[in-house]
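Chains as they are written, first to last, in the numbering used here: chain A, 1 to 248; chain B, 1 to 303.
All C-beta atoms in this analysis are idealised placements derived from N, C-alpha and C, irrespective of residue type, glycine included.
Note that this is a predicted model, so its numbers are computed, not measured.
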Amino acid sequence: MIDLVASEWRKTFSLRLWWIMLLIGVVLVALSTLPYLLLSGVAAEEGLNSLDLTQPEALTGLLSTIGSASVVALLIGILSFTGEYRHGTVTDTFLTEPRRWKVVIAKCIVAAAMGVLLALAAAVTVVSMVVLFLPDPHAPVSVSAVLGTTSGAAVVYALYAVLGVAVGTLITNQLAAVVVGILWMLVLEGIIGGLLPSVAPWLPGGAAQAVVGGADQMSPAAGVALLLGYAVALAAVATGTTLRRDIT
Amino acid sequence: MQDAPPADIEVIGLTKRFGRRDPAVDDLGFRVEPGRITGFLGPNGAGKTTTLRCLLGLVAPTSGTALIGGTPYREIARPTTLVGAVLDVEGLHPARTARQHLMIRARAVGIGADGVDRTLDFVGLADAKDRRSGQFSLGMRQRLCLALALLTDPRVLILDEPANGLDPAGIAWLRTFLRGLADEGRTVLVSSHQLAEMHQTVDDVVIIDRGRLVASGPLATVVGTGGVTRVSGPALEHLAAAARNVGATVQGTSSDLVVSGLTAAQVGHLAWLLKLEIHGLSEDTPELEDVFLRLTSDRGEAP
Ligand SMILES: Nc1ncnc2c1ncn2[C@@H]1O[C@H](COP(=O)(O)OP(=O)(O)OP(=O)(O)O)[C@@H](O)[C@H]1O
Ligand SMILES: [Mg+2]
């Protein structure tokens, strides 16, 4: 298993895709910080506490943008398997390890690590933005808050990346899986949550909220378990269906 | 490799049906011996690739089994250390270099970088190690796939059309090196359309058509049974009848017969038994290609 993970690791870093994805994540995070950094002054005049960086609440919001690239983490996971189907390398992968579920697990481990990497890149981005552009006066920035937000984002990204691997295992067509992933994160989940508020906390986004301690009904551990549960459920369906398909 | 016991390949009652179509592989059975090169022949669509992919656990058979060293591929621990396979040269990510492709495989089985370099040198890609495989010619990709198969020093080699894209020098190289591998006691199964090449390369053949076994065994036996004997004489009707009686196919007139399935000696012996006058007797040793064409075109034609 360790060898298989090492092989997947090598596979990931032999392509440029990994840093392109990190770059997309970093840009997304940087864009999310802009409203705080640009509008803080205006917000203060308008009494809008959530963007007024003299308020601790707004500063927490600014730091929480470290965790605003979950969709990228999901895509990192999705591309892991679907890329192999797209380029035909899956033949070689399944020759190397014909017990295909082991490949899925190895991919999950590597994708989770990529998720952690993404969180670190996001943290560096947000901290840099803060150091360079934080307007004075502002509420105090605590190192422990940065570390706490970063580790929360790392766990969420790792889980979303694992969920992405499961999605890609089930939907092997790369374009289809990417479209489904993006649609879900940016549109569908919001609509469903809006229509059925009681369901919202139980969706992946709600679970992710719980992981960073932002949910009332669910503990962080329960959030982790729920997100993992989604991944396991999808992977289980895939194991009985698409993962068994003939590679011809 | 030196200490490892040989491993054979066994295909038993293998059937693969894609959807509702006619089976691509139909109750196929054959055995591939260690220490020999076995040619796996059949026309386009005969089911060669499907059979090999069943053997390698990539395609699930509808029924039957395919074993390597007595074990299904999917149950072999670290199967690439036992079996090296070249299936299709399209399964290479174009953005990875030759070395990266091998390193990925090497990592999975715990082989170091020096093994990777040695294998690339061996297949003649020493100067192309750090070039992206997307820039490779078909022949170079074929060599890269061979390097992937050979990296682990496997006892069993399964190659689907490895001669595709190789130049004549490359084919000669392939032949020599397959022979070397077989001489070391390895099991070598090669599918190919290059029948002339195969005739010079293989010890055994397995010929399939429309998913079914047509002939298998040592090359000399398979080609030998396809022998054609020509005989001429004034009145050969009885000879024709006698030859048919022993199972041969007879064509021609009463003064000139073409007997397939019997050697000149056998036909001469029949004539002697019948006390018939013979004016000419000759045997054509067929090429593998002739045998192949005859065997694979028999089926499906009106008798
Ligand atoms: N994934 C698939 N879905 C449906 N039919 C398939 C599939 N793969 C192969 N076939 C069919 O199975 C039959 C055997 O194909 P196969 O590729 O095994 O033949 P082959 O002997 O390797 O041919 P070639 O010499 O052209 O490579 C063909 O009729 C082919 O159309
Ligand atoms: Mg084929």
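- Counting along the chain, isoleucine 109(A) sits inside the alpha helix (DSSP H) bounded by residues 100–133.
- Leucine 38(A) has its alpha-carbon roughly 48 angstroms from the corresponding atom of threonine 239(A).
- Only residues of its own chain outside the window of five on either side were considered, and among them Leu163, Ala166, Val167, Thr169 and Leu170 have a CB closer than 8 angstroms to the CB of leucine 234(A), listed in chain order.
- Scanning chain A for C-beta atoms nearer than 7 angstroms to the C-beta of valine 109(B) yields Asp3, reported in chain order.
- Contact check for leucine 53(A) against leucine 63(A) fails: the beta carbons are separated by 8 angstroms or more.
- Shown in chain order are the members of the segment 47–79 of chain B whose Cβ falls below 7 angstroms from a Cβ of chain A: Arg53, Leu56, Gly57, Leu58, Val59, Ala60, Tyr73, Arg74 and Pro79.
- Taking 7 angstroms as the cut-off, the C-beta of aspartate 26(B) does not count as close to any heavy atom of ligand 1.
- With respect to asparagine 164(B), glutamine 200(B) sits apart: the two C-beta atoms are not nearer than 8 angstroms.
- The secondary-structure analysis by DSSP pairs alanine 215(B) across a beta bridge with Ile207(B).
- Shown in chain order are the members of the segment 85–96 of chain B whose Cβ falls below 9 angstroms from a Cβ of chain A: Ala85, Leu87, Asp88, Glu90, Gly91, Leu92, His93, Pro94, Ala95 and Arg96.
- At least one heavy atom of ligand 2 is found less than 7 angstroms from the C-beta of threonine 49(B).
- Residue pairing of lysine 16(B) in beta bridges, as defined by DSSP: Val25(B).
- Excluding residues up to 5 positions away in sequence, Ile66 and Thr150 lie with their Cβ nearer than 6 angstroms to the Cβ of alanine 123(A) in the same chain.
- Our two residues, phenylalanine 30(B) and isoleucine 247(A), have alpha carbons roughly 23 angstroms apart in a direct line.
- With its beta carbon less than 8 angstroms from one in chain A, methionine 103(B) belongs to the interface.
- Pairing valine 32(B) with threonine 187(B) gives a Cβ-Cβ distance under 8 angstroms.
- At least one beta carbon of chain B lies nearer than 8 angstroms to the beta carbon of phenylalanine 94(A).
- Residue burial annotation: histidine 101(B) is buried, with at least 16 other C-beta atoms found within 10 angstroms of its C-beta.
- For ligand 1, no non-hydrogen atom lies closer than 7 angstroms to the CB of arginine 17(B).
- A heavy atom of ligand 1 is found nearer than 7 angstroms to the CB of alanine 46(B).
- Identification of residues in the segment 3–18 of chain A having a C-beta nearer than 8 angstroms to some C-beta of chain B yields Asp3, Leu4, Ala6, Ser7, Trp9, Arg10, Lys11, Ser14, Leu15 and Arg16, given in sequence order.
- With a cut-off of 7 angstroms, the C-beta of glycine 91(B) is classified as distant from ligand 1, since no heavy atom of the ligand falls inside that distance.
- Short note on threonine 65(A): C-beta not closer than 7 angstroms to any heavy atom of ligand 1.
- Among the residues facing chain A, glutamine 100(B) is included, as its CB has a counterpart in that chain under 8 angstroms away.
- Per DSSP, the unbroken beta strand (DSSP E) holding leucine 41(B) starts and ends at 37–41.
- Listed along the chain, the chain A residues whose CB falls inside 8 angstroms of the CB of leucine 148(B) are Asp92.
- DSSP places isoleucine 111(B) outside both helix and strand once states are collapsed to three, so it counts as coil.
- Per DSSP, leucine 146(B) is one residue of the alpha helix (DSSP H) stretching across 138–150.
- Aspartate 121(B) sits in a helix when the DSSP states are folded into three classes.
- Short of 6 angstroms from the beta carbon of tryptophan 184(A), and not among the five residues preceding or following it, lies no beta carbon of its own chain.
- Contact annotation: threonine 51(B) and aspartate 204(B) have beta-carbon atoms that are not nearer than 8 angstroms.
- When the Cα atoms are used, alanine 6(A) and valine 83(B) turn out to be separated by approximately 21 angstroms.
- For histidine 87(A), the residues of chain B that pass the 7 angstroms Cβ criterion are His93, in the order they occur in the chain.
- Put simply, of Glu8(A), Leu120(A) and Ala207(A) the residue whose alpha carbon is nearest the alpha carbon of isoleucine 109(A) is Glu8(A).
- Rounded to the nearest whole angstrom, the CA to CA distance from arginine 107(B) to leucine 4(A) is 7 angstroms.
- Glycine 47(A) carries a coil assignment under DSSP once its states are collapsed to helix, strand and coil.
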